[in-house]
Amino acid sequence: MQKKKLGLALGGGGAKGFAHLGVLEVLTSAGIEFDIISGTSIGSLVGACYVTNSLEALAQEACKISLTDIPRLLSPTFSNKGFFTGKNVLDLLQRHMGTHNIEDLDKKFAAAATNLNNGTLEVFTSGDLTEAVRASIAIPLIFTPVIKDDHLFVDGGIVEPVPVQACRAMGADIVIAVDLFGIQETTDGEAVAPPAEDKTVEGAMGYLLSISNKLSLDNLLDPIRFGGSKWNVLSILEETLATSQARLTELRLLQEPSDMTLRPPVSTVGILDFHKGTETIETGRAYARSKLDTILALVGPK
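For the numbering used here, count along the sequence shown from 1 and bump the result up by 50.
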């Protein structure tokens with residue numbers, strides 16, 4: 051009897067995606083090996099590290115990031131296409147992952163991006179791995195988009211937050227999805243309440259604001275107060291993206307259901323909270339442990 055192919059669809063969510071590392075650590079330790087990986091945004095980045103055996107290196111880097119490191123890693127730019135280029139992050143990843151074409155990898159891999167020329171989903175299953183990941187993580191207005199073959203590519207989460215269908219298309223019989231925006235639960239199964247106030251972008255905003263002042267870009271990044279919270283252009287954009295991603299994820303998982311969807315409780319981690327690597331990875335670990343028996347029952351013996 052032929053063994054069923056196991057697929058993993060990793061959703062987007064910026065720094066929330068460090069939870070993917072904790073989840074994968076637990077599943078790998080339990081002997082679960084995925085044949086097919088698809089990812090959107092940070093999910094494509096973690097998935098790329100999985101297929102190049104560099105997850106441990108990424109986890110080590112994630113645990114080192116401090117609040118003051120965030121601007122340097124994101125590589126700020128005052129381009130009219132976005133606030134950050136992400137160049138330093140990708141340079142760091144490429145040092146660990148190496149240079150690969152997707153079609154030459156030992157496992158099947160897909161990175162989901164959005165083609166702004168026609169508003170369609172672009173699933174990269176061949177070509178340069180780093181370029182595909184860079185296109186997939188290009189959160190609109192936050193990261194500069196990728197231009198390839200006269201097409202403009204941004205974050206895949208705009209149309210496909212958790213790429214289950216991509217896993218199915220590559221031949222997965224069983225698909226486990228990891229959703230970072232849906233209704234999340236604790237390890238005890240209780241729903242997680244959203245945070246009262248999100249201070250996600252403090253470090254990056256401080257850096258950008260100092261540059262803004264020097265360049266006399268008046269009012270561009272000035273905070274406003276509403277409802278007891280501080281808001282600015284990035285935090286408003288981030289909250290807008292998080293809200294739309296949650297609703298779209300719910301809809302897409304109804305249309306293209308996984309065999310099991312994991313939802314680690316990362317609602318208090320912001321999209322740019324890369325300095326929370328240690329705790330976010332641990333959140334993923336703890337959640338995966340709480341679901342391990344159910345996962346093993348689904349995927350069967352080693």
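Using N, Cα and C, we set each Cβ at its ideal position, and we do this for glycine too.
Span separating the alpha-carbon of residue i from that of residue j
i, j, result
"F324", "I115", "7 Å"
"C99", "H150", "11 Å"
"L303", "V214", "8 Å"
"E341", "C113", "According to the sequence displayed, residue 341 carries Lys and not Glu. The alpha-carbon atoms of K341 and C113 are separated by roughly 24 Å."
"V73", "P307", "20 Å"
"T318", "Q110", "22 Å"
"A65", "E172", "23 Å"
"D141", "G67", "19 Å"
"G89", "N103", "16 Å"
"P314", "L301", "19 Å"
DSSP three-state assignment for residue i, whether helix, strand or coil
i, result
"D223", "coil"
"F68", "helix"
"D309", "coil"
"D178", "strand"
"V73", "helix"
"F231", "coil"
"G253", "Residue placement at G253 is poorly supported in this model, since its pLDDT is 45, which falls under 50; the coordinates are not used for a value here."
"D343", "helix"
DSSP beta-bridge partners of residue i
i, result
"F353", "As shown, the chain starts at 51 and ends at 352. That puts residue 353 outside it, with no answer to give."
"M147", "In the DSSP output, where bridge partners are listed per residue, M147 has none listed."
"G57", "I86, V225"
"N167", "According to DSSP, which records beta bridges pairwise, N167 is partnered with nothing at all."
"V196", "F203"
"V173", "A162"
8 Å contact criterion, which residue i and residue j should meet: CB distance rounded
i, j, result
"V316", "T299", "That pair is no contact at about 13 Å."
"A69", "L322", "Actually they do not touch by this definition, with Cβ atoms about 15 Å apart."
"L220", "A162", "First, the residue type needs correcting, since residue 220 is Met and not Leu in the sequence shown. That pair is no contact at about 12 Å."
"I189", "D309", "Not confirmed; about 28 Å, so no contact."
"T164", "V204", "5 Å"
"L60", "A222", "No, L60 and A222 are not in contact; Cβ-Cβ is about 13 Å, not under 8 Å."
Option nearest residue i by Cα separation, candidates the options
i, options, result
"N167", "D141, D199, L155, F174", "D199"
"A107", "G148, T118, L346, K137", "G148"
Near the ligand NAD: residue i beta-carbon under 6 Å from a heavy atom
i, result
"C217", "As for the ligand NAD, it is missing from this structure, which has no ligand bound."
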